[in-house]
Amino acid sequence: MSDEKPRAVAFFGAQFERQIAAGDYQLNPFEERALPFLSGKVLDLGCGLGNLAMAAAARGAQVTAYDACENAVEDLAERALASGLDVWVRTVDLKGWRPDETWDAVNCIGLLMFFAREDALAGLVAVRDAVRPGGVAVVNVLVEGTTFTAMFDPDEHYLFRLEEVSAPFAGWEVLHDSVEDFAAPGGKVKRFRTLIARRPG
38 MSDEKPRAVA FFGAQFERQI AAGDYQLNPF EERALPFLSG KVLDLGCGLG
88 NLAMAAAARG AQVTAYDACE NAVEDLAERA LASGLDVWVR TVDLKGWRPD
138 ETWDAVNCIG LLMFFAREDA LAGLVAVRDA VRPGGVAVVN VLVEGTTFTA
188 MFDPDEHYLF RLEEVSAPFA GWEVLHDSVE DFAAPGGKVK RFRTLIARRP
238 G
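So the number in my numbering is just where the residue sits in the sequence shown, counting from 1, plus 37.
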């Protein structure tokens, strides 16, 4: 059995090393959009360098942050400790993750498309199940129409159909819903759907 990291973990691990070296902790546009909805007890799945986790904690949230990239988690843990902010972080392989408690807000930006179809769709359900009544889910994934796939393992990725993203959240109040294209290297395109919704109750 190989100890080789999945391509996505290696891809983002290298990206995070560059960002750490440069002190680049700016929120990306998806994180900026999510931030106003993250309050109370917050779960950040696939937190990366934790820029959003730190920003939410700075606004008073109590944040639990999980990521598979050890360098990102170690850097976030050091920054959270130094800042005194309420961020609890750990390295977690999120493939197959299921919640054993609920949160006021669950953020999952740019994670689920790195799993094969069955795990990706189950991940959406796990996000839904982790949100307590009256709480908010933030989901952002690559969808069909994306042509940039350099960061994907050939057998471990999934481009969602648009309707699959919203299906688990039927009956929730939609706070934001968008589909956006971003230019990528080689004339390729990354197409994202972002859904922010509030659970009834």
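Virtual Cβ for every residue (Gly too), placed ideally from N, Cα, C.
All values reported here derive from a predicted model rather than from experimental measurement.
Residue j beta carbon less than 8 Å from that of residue i
| i | j | result |
| --- | --- | --- |
| Arg169 | Thr139 | yes |
| Phe152 | Glu107 | no |
| Gly87 | Val124 | yes |
| Ala234 | Ala174 | yes |
| Val126 | Val110 | yes |
| Thr183 | Val216 | no |
| Val211 | Arg230 | no |
| Leu72 | Leu64 | yes |
| Gly77 | Asp141 | yes |
| His213 | Arg70 | yes |
| Gly83 | Gly147 | yes |
| Val176 | Leu89 | no |
| Leu122 | Met91 | yes |
Reduced DSSP secondary structure (H/G/I, E/B, other) of residue i
| i | result |
| --- | --- |
| Asp123 | coil |
| Asp81 | strand |
| Asp6 | A query on residue 6 cannot be resolved here, the shown segment of the chain reaching from 38 to 238 and no further. |
| Leu161 | helix |
| Gly238 | coil |
| Arg70 | helix |
| Arg116 | helix |
| Leu179 | strand |
| Asn144 | strand |
| Ser39 | Only weak support exists for where Ser39 lies, its pLDDT of 44 falling under 50; the coordinates are left without a value. |
| Val129 | coil |
| Ala105 | coil |
| Ala93 | helix |
| Arg55 | helix |
| Asp166 | helix |
Reference residue i; option with closest CA among the options
| i | options | result |
| --- | --- | --- |
| Val79 | Asn177, Phe67, Ala93, Asp137 | Ala93 |
| Pro237 | Ala187, Phe206, Val202 | Phe206 |
| Val180 | Glu69, Arg154, Pro222 | Arg154 |
| Phe67 | Gly224, Ala157, Pro191, Asp218 | Asp218 |
| Arg228 | Asp137, His213, Arg198 | Arg198 |
| Gly224 | Asp156, Gly133, Ala187 | Ala187 |
| Leu196 | Met91, Asp137, Ala157 | Ala157 |
| Pro136 | Ala163, Leu89, Gly172 | Ala163 |
| Leu161 | Ala98, Gly171, Glu200 | Glu200 |
Contact belief for residue i with residue j at Cβ below 8 Å, rounded distance in angstroms
| i | j | result |
| --- | --- | --- |
| Thr128 | Asp112 | 12 Å between Cβ atoms; not a contact. |
| Val143 | Ala159 | So it is not a contact: roughly 15 Å between Cβ atoms. |
| Leu149 | Val178 | 5 Å |
| Ala221 | Phe185 | 4 Å |
| Ala102 | Asp81 | 4 Å |
Exercise. Which runs of the beta strand (DSSP E) fall wholly inside the region 186–235 and span at least 3 residues, in chain order?
Worked result: 210–221, 225–235
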